[in-house]
Every structure is written in C-alpha cells, then in structure tokens.
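Notes follow the structure.
Chains as they are written, first to last, in this note's numbering: chain A, 7 to 260; chain B, -3 to 166.
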C-alpha cells in the first residue's frame, strides 16, 4: 500500500475506538506506525478530528424539547407487545379483514355509525391515538393538515390561543374527515382538539352550542367540551387523572 | 439517551434550531408509535438516526427552502455545554461550517463526528454503500477544514490551525 492510499483510508479513521475493530484500517495503521511522515500526518488529522468532534459534542438540544418528548412519549407510548406466532397469525388475518373491510367501505377509518360526537372523539383518542406530525409551530401544523386535506380549526377558545402546540393528526373516516391538534400547557398537561369536517347535525351533535358557550361532558376517562363553529363540530378533550376531572372550562375564559 | 446526539445530527441537517427540534421530536414520536416493532433492540440507535434522516428528507421535499441565515439565531438560543477549546474551533463554528457544506457531505460527516456509529451503521442510516460513505467523509473533511479556517480567520484575524500539510491524497 503506498502512502497516498494509506492517507485516503486513514483520513476516515476515528481515534476514539469506534473503528478499532474494523479490519479495513489495520494495514494502513501498521504502515503509519512504521513511517514517521505518515505517522505525523495521521496525528495532525486526528488532532483536527478531536477538535471538531469535541466541539460538536458541545451542542445540546433545548431542555424544553427533552421535557416535551418525555411528556408526549408517556402519552403516546403503546403497550408492549409480544410477537408470538399465534398473535402474528391473528394479526395477519386482521389485516386481511381490514383490507377487505376497506374495500367494502372506502370511507376510510371505520367509526361507529350511531356514536355521538363525543364518542367519536374519545374513540379516536382511545383506539387510534397517533401523531402524524410533531411540531411546536402552529402554522406548520396547519399547513400539514391542509396538505392532507383535513379540516382546519378556525376560531380557538381563548385559553388554547395562549398554549404551545405539540403535534397533529388527520384521518379520513367513515364519519367524514377529522383533524386533531394537541396543545400543551405550562403544567405539561396535554389537551386534544378534534375538528370534524361535517355539520354537527350529521354527527349526532345536533343542537351543539356556539364557541362562546360550549357544552361540557364526561365520556369514559375524558373531560370534554363540545361546540360548533362555521358548520364544523369541535371537541376539546382532557384525560382525567386519578379520577379527578380537569378544569376544562378554564380554556373558555377570556 | 439519544436526544442530544439526534438533535446535533438534526441541527447539522436542518441548519436551524426550530426545525432541528421538530425533527428530533418527530423521530421520538415515530419511536413511540413503531419502536416496539423493532425486533433487534441493538439496532434502536441506527433506527432512530435513520428515521430522523428520512424525516429530514421528507420535510425538505415539502419545504424546499433555504435557511442558512437562521443558523446564528439558532445557536444563540441553545445551550453550548462546553466552552470553546483553545484551538478556536467551537460548537458554533462547527455547526456553521457543517451547515455550509454541500448537502452530500453534511449527513455523513455529522454522523462521523458524532463518533457513535460504525461505517456499516452510517451506510445503513443514509442508505448508501460504505465506500460512498467513506469517500464523502474524506472529501467532506477537506471542505470542512477550509470552512473552519475561513470561519476562524474572520476579517483580519490569524488562522489558529496549522496549515493542512500533506492533505492531498495523490
């Protein structure tokens, strides 16, 4: 191996040990040991690499980002599953059934036909929870929802306008298109806002009040606020903690 | 555990702190959603970096915008854990220099300087052959040296690094 080839190889050798077991570098390293000029060149290369990598290691992510991730991971982490053969087989059958059902029902995600607006929202939260895009930029979330053809929230309750956003999702369902925007408060509690792209009357939500005077309900583990605005149904939901209902009404106080 | 290295990689790709944080969060969201399907848990690290890189490519396709000028603002907002070394190369200048590299070199070189991935893993993350990874890193390092020398020199300043002796590979 001539020195030029050895330099080419050694220029990508890292001295911290991550490449130590890689046989590709052995011959070039042996050559550097026996050739003073090559050894000096390698030492200079490694000095530069150490300076860059230690400076790069000085970049740390914002603390609030880490907290946010820990909060949302806790909220969205699925149950651990064991991938056993019978379950895998059952899952395959379920997929086939879902595909068949999908062919029979091209309306998208199948939601209960007679469920109320509140039940639809909690069904999505309890059984189809996912975040399509995580971002703290509300405009970016809106652009993503719009690109997917999902309904965009129009006017927000005053309390939500002051909160940070976390992420969003949108679904095409058998009951129309639905979007979700997740908000997070200073207390790191997450609030889900569902927007239904259908008049509430078509979603068993007839008689829903306006944004100024929403209706408050409880459904399962959820505390909810429901209203209609501009021909769309809205559901704001917060999970109860230790059986205690959160103060969801505060989001509607100016 | 991988939050900071992922953020570092994201920042070098996205070149602004907000997008880097979004990419990092999005990566963990994917982990929460799909991580349990990963059978070989030893591959979790590569999986996370691979997802982040794919998310970056997807978001770039959507936006197609240049944000070079935002690098400085991003660095103002973030904490720099270690002080600048006596060499004149500090975190801000490394991020700025990485951000100014051709995109072909940016991702492999960032993963190279994270120093936690083998070449096999880098190749897997970027979905390119190992030989290509190595040649991009070698060429990227030359560009990075030049950028850092320029950055460190600034107007009327002395270059703190030694001239790159014997840098040519023939």
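Even glycine gets a Cβ: it sits at the ideal position worked out from N, Cα and C.
Beta-carbon proximity check, residue i vs residue j, cutoff 9 Å
i	j	result
residue 7 of chain A	residue 33 of chain A	yes
residue 5 of chain A	residue 234 of chain A	The requested residue 5 of chain A does not occur in the structure, where chain A is confined to residues 7 to 260.
residue 123 of chain A	residue 202 of chain A	yes
residue 137 of chain B	residue 55 of chain A	yes
residue 55 of chain B	residue 25 of chain B	no
residue 207 of chain A	residue 221 of chain A	no
residue 140 of chain A	residue 165 of chain A	no
residue 51 of chain B	residue 137 of chain A	no
residue 225 of chain A	residue 127 of chain A	yes
residue 19 of chain A	residue 52 of chain A	yes
residue 122 of chain B	residue 62 of chain A	no
residue 236 of chain A	residue 161 of chain A	yes
residue 59 of chain A	residue 44 of chain B	no
residue 131 of chain A	residue 74 of chain A	no
residue 46 of chain A	residue 9 of chain A	no
residue 167 of chain B	residue 48 of chain B	Any property of residue 167 of chain B remains undetermined from this structure, which presents chain B solely from -3 to 166.
Where the alpha helix (DSSP H) containing residue i begins and where it ends
i	result
residue 145 of chain A	144 to 153
residue 200 of chain A	Looking at the DSSP string, residue 200 of chain A is not in any alpha helix (DSSP H); the run it does join, the beta strand (DSSP E), is 196 to 202.
residue 250 of chain A	Looking at the DSSP string, residue 250 of chain A is not in any alpha helix (DSSP H), and its letter there is neither H nor E.
residue 9 of chain B	-1 to 10
residue 223 of chain A	Where residue 223 of chain A is concerned, there is no enclosing alpha helix (DSSP H), although the beta strand (DSSP E) it sits in stretches over 221 to 225.
Start-to-end residues for the beta strand (DSSP E) that takes in residue i
i	result
residue 235 of chain A	228 to 235
residue 185 of chain A	182 to 190
residue 172 of chain A	170 to 179
residue 31 of chain A	Per DSSP, residue 31 of chain A belongs to no beta strand (DSSP E) and is neither H nor E.
Proximal chain C residues relative to residue i, where beta-carbon distance stays under 9 Å
i	result
residue 35 of chain A	Protein chains in the displayed structure are A and B, and chain C is not among them.
7 Å CB neighbourhood of residue i in its chain, flanking five on each side removed
i	result
residue 133 of chain B	104, 105 and 108
residue 48 of chain A	16 and 38
residue 128 of chain B	none
residue 115 of chain B	126, 129 and 130
residue 144 of chain A	171
residue 227 of chain A	245 and 246
residue 25 of chain A	19 and 31
residue 81 of chain B	Per-residue confidence for residue 81 of chain B stands at a pLDDT of 43, beneath the threshold of 50, marking its modelled position as unreliable; no derived number is given.
Own chain partners of residue i with C-beta closer than 8 Å, once the 5 adjacent residues on each side are dropped
i	result
residue 120 of chain B	42 and 46
residue 139 of chain B	97, 98 and 101
residue 134 of chain A	115 and 177
residue 257 of chain A	163, 164, 165, 166, 197, 231 and 242
residue 129 of chain A	117, 118 and 121
6 Å Cβ shell around residue i - same chain, five flanking residues per side excluded
i	result
residue 156 of chain A	176, 183 and 185
residue 22 of chain A	none
residue 13 of chain A	none
residue 260 of chain A	164
residue 191 of chain A	169
Practice task
May I ask you to verify whether the stretch -1 to 6 of chain B touches the stretch 61 to 80 of chain A, counting CB pairs closer than 8 Å and requiring at least 3?
Solution key: They touch, by the three-pair rule.
Practice task
Determine, using beta-carbon pairs with one atom in the stretch 160 to 179 of chain A and one in the stretch 189 to 200 of chain A, whether at least three such pairs fall under 8 Å.
Solution key: Under the three-pair Cβ rule at 8 Å, the stretch 160 to 179 of chain A counts as touching the stretch 189 to 200 of chain A.
Problem - Under 9 Å (Cβ pairs) to chain A, residues found in the stretch 127 to 141 of chain B - result: Here the close residues are 129, 130, 131, 133, 134, 137, 138, 140 and 141.
Handout entry: Inter-stretch contact at 8 Å, needing at least 3 Cβ pairs: the stretch 18 to 29 of chain B / the stretch 237 to 250 of chain A
Key = Counting Cβ pairs under 8 Å, fewer than three are found: no touch.
Exercise for the section: With 8 Å as the C-beta to C-beta threshold (strictly closer), list the residues of the stretch 59 to 79 of chain A near chain B in chain order. Expected result: Within the stretch 59 to 79 of chain A, the residues whose Cβ lies closer than 8 Å to some Cβ of chain B are 59, 60, 61, 62, 63, 64, 65, 66, 67, 68, 69, 71, 72, 74, 75, 78 and 79, listed in chain order.
Exercise for the section: Could you list the residues in the stretch 12 to 29 of chain B with a C-beta less than 8 Å from some C-beta on chain A, going in chain order? Expected result: Of all residues in the stretch 12 to 29 of chain B, only 13, 14, 16, 17, 18, 20, 21, 22, 24, 25, 27, 28 and 29 place a beta-carbon less than 8 Å from a beta-carbon of chain A.
Exercise for the section: Determine contact between the stretch 146 to 158 of chain A and the stretch 171 to 187 of chain A, defined as no fewer than three beta-carbon pairs at a distance below 8 Å. Expected result: They touch, by the three-pair rule.
Exercise for the section: Scan the stretch 150 to 175 of chain A for residues whose Cβ lies nearer than 9 Å to a Cβ of chain B and list them as they occur along the chain. Expected result: Hits within the stretch, in order: 150, 153, 172 and 173.
Exercise for the section: Report the residues of the stretch 130 to 146 of chain A with a CB closer than 8 Å to any CB of chain B, ordered along the chain. Expected result: Answer set for the stretch 130 to 146 of chain A: 136, 137, 139, 140, 141, 142, 143 and 146.
Exercise for the section: Scan the stretch 30 to 54 of chain A for residues whose Cβ lies nearer than 9 Å to a Cβ of chain B and list them as they occur along the chain. Expected result: Cβ contacts with chain B come from 30, 43, 44, 46, 47, 50, 51, 53 and 54.
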